[in-house]
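Working notes for the structure below.
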């Protein structure tokens, strides 16, 4: 879906910076260096991730070499990679991309709220366009992050649940928000997992190995328009290709 449709979406929507969460690219479990390179080749500018970033060991050495692949910033500082990058969009505007992970029903990490404060404090004041991928399980924590950062970043977009939400909005101080962007993958599934396998796990409670489904591919995304002089979002809309 990315290979077939991304460039057309970028052209039709006049997109200057493309961010995608790639943590499930390797059959639902992590991402590998060749897959990351392939996704960059399709026109993705920055890849964010989440709790599955460490699933493939070969990514450990790749993270320090490829700064455009982020891992959540609130993992331990000594782990490879970084959770923030400033990149120049195709229209010449410098944009910051930050990657954070929630803690509710997720692995215990440093506080994402306080980590966001530290990341913002370290950003140059002239970098006004700022995007946050908040990889979290529960809507309440994602909403809390949206309100916490309202007026300080251009957008807070949630990832992790694989289900696109209908709460797309611009918060009072100019931050675009959506609880989850949804996934690009097989929607004839249970959040990307083969339906029969997922049902057997629920019915038997046995640790059956999960496998990605193979049918019903869809692409889901969010387009955010930002006033580059203020960093405030002026529009946000959902995109779906089925």
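In my numbering, the protein residues as written are 7 to 248.
Glycine included, C-beta positions come from ideal geometry on N, C-alpha and C.
- Excluding the five sequence neighbours on either side, which residues of its own chain have a C-beta within less than 6 Å of the C-beta of residue 54, listed in chain order? 27, 76, 105, 139
- Near residue 132, what residues of its chain come up, given a Cβ to Cβ distance below 8 Å and the 5 sequence neighbours on each side ignored? 100
- Message: Taking its Cβ as the centre, do 16 or more other Cβ atoms sit within 10 Å of residue 239, making it buried, or is it exposed?
- Response: buried
- Message: Within a Cβ cutoff of 8 Å, which residues of the same chain sit near residue 203, ignoring the five residues on either side of it in sequence?
- Response: 214, 215, 216, 217
- Query: Taking buried to mean at least 16 other C-beta atoms within 10 Å of its own C-beta, is residue 127 buried or exposed?
  - Reply: exposed
- Whose C-beta lies closer than 6 Å to the C-beta of residue 206 among residues of the same chain, with five residues either side of it excluded? 214
- Item | Exposed unless 16 or more other CB atoms sit within 10 angstroms - verdict on residue 122 | buried
- Query: When we look at the beta-carbon of residue 107 and count the other beta-carbons within 10 Å, is it buried (16 or more) or exposed?
  - Reply: buried
- Give the DSSP-derived three-state secondary structure of residue 143 in the structure shown. coil
- Task: Assign residue 137 to one of three DSSP states: helix, strand, or coil.
- Result: strand
- Item | Pair within 7 Å by beta-carbon distance, residue 35 and residue 58 | yes
- Message: Between the alpha carbons of residue 141 and residue 166, how many angstroms are there, rounded?
- Response: 5 Å
- Please determine, among 226, 19, 65, the residue with the shortest C-alpha to C-alpha distance to residue 260. The first residue shown for the chain is 7 and the last is 248, placing residue 260 beyond what the model contains.
- Query: Taking the Cβ atom as the reference point for each residue, do residue 7 and residue 190 lie within a distance shorter than 7 Å?
  - Reply: yes
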